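Encoded as structure tokens, the structure appears first; notes follow it.
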Amino acid sequence: MARVKVNKVEDLNLIPLMNLFVTMIPLLLLTAAFYHIGMVSVSVPTQSTGESSVETGKASVTVNVKADPKGLTITASSGTISPDELKALDAFIPKKGNMHDAKALTAALERIKRKYEQSDTMMLVPHKTTSYNQMIKLMDAARTMKASVGGKMRKLPLFPVVVVTSLVE
């Protein structure tokens, strides 16, 4: 006797697929990386052909800070101030251990800011070995200073416009 084929309709077995989801979803959730995205306000140098936005008649300087493995070299540049006066603003801050001295940078920039109050731009020239964290600390040190105003300590703008640039070699 020959067997008769009986077509049985079977339901789709979803248990293995459900087991996979039950184990994979918690695993993926546990291994997911949650990134905190922060923004750092910086600008880059641009070339323009329009008029300058700098007010005429008020002396201001642009501070250049070169961060290299030995320390921080501070120089100033301006189109309205004599080279001798600019040379007097130059400073060198050696590294403390393997980190740049942010407090000494703030103190040096405060000295320049007190003399040229209209100044608001600092150009940071990091060395290729300067880490991202060191750059952020230097930029933060340049943006604000603590000063006593009316008997209270307040944060005042120091050089709020920080331009990150590099040397062309």
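Per our numbering: the sequence shown = residues 34 to 202. From the three backbone atoms N, C-alpha and C, an ideal C-beta is built for every residue, glycine too. Bear in mind that the values here come from a model prediction, so they are computed numbers and not experimental data.
For residue i, count neighbouring Cβ atoms within 10 angstroms of its own Cβ and tell me buried if that reaches 16, exposed if not.
| i | result |
| --- | --- |
| Met172 | buried |
| Ala135 | buried |
| Ile125 | Ile is not the amino acid found at residue 125; the sequence shown has Phe there. The residue is exposed, with fewer than 16 neighbouring Cβ atoms inside 10 Å. |
| Val94 | buried |
| Val98 | buried |
| Leu50 | exposed |
| Phe192 | buried |
Provide the residue span of the alpha helix (DSSP H) that contains residue i, from first to last.
| i | result |
| --- | --- |
| Leu62 | 48 to 64 |
| Asp173 | 165 to 176 |
| Leu191 | Here Leu191 belongs to no alpha helix (DSSP H), and DSSP marks it neither H nor E. |
| Thr198 | Neither: Thr198 is in no alpha helix (DSSP H) and is coded neither H nor E. |
So what's residue i in DSSP terms, helix, strand or just coil?
| i | result |
| --- | --- |
| Ala92 | coil |
| Asp153 | coil |
| Val109 | Here the sequence assigns Ala to residue 109, which means Val is not the residue at that position. Here Ala109 sits in strand by DSSP. |
| Asp123 | coil |
| Asp101 | strand |
| Ala35 | coil |
| Lys185 | strand |
| Lys179 | strand |
| Lys129 | strand |
Which residue from the options puts its Cα closest to that of residue i?
| i | options | result |
| --- | --- | --- |
| Ala140 | Met178, Gly184, Asn46 | Met178 |
| Met153 | Ser181, Val96, Gly112 | Note that residue 153 is Asp in the sequence shown here, rather than Met. For Asp153, the nearest C-alpha among the options comes from Val96. |
| Leu142 | Asp123, Ala35, Ser115, Lys103 | Asp123 |
Decide yes or no for the touch test of the stretch 161 to 172 against the stretch 107 to 126: beta carbon pairs closer than 8 Å, at least 3 of them.
-> no
Quick check: the stretch 147 to 162 against the stretch 186 to 202, are there 3 or more CB pairs under 8 Å?
-> yes
Does the stretch 126 to 133 touch the stretch 144 to 151, meaning 3 or more C-beta pairs lie closer than 8 Å?
-> no
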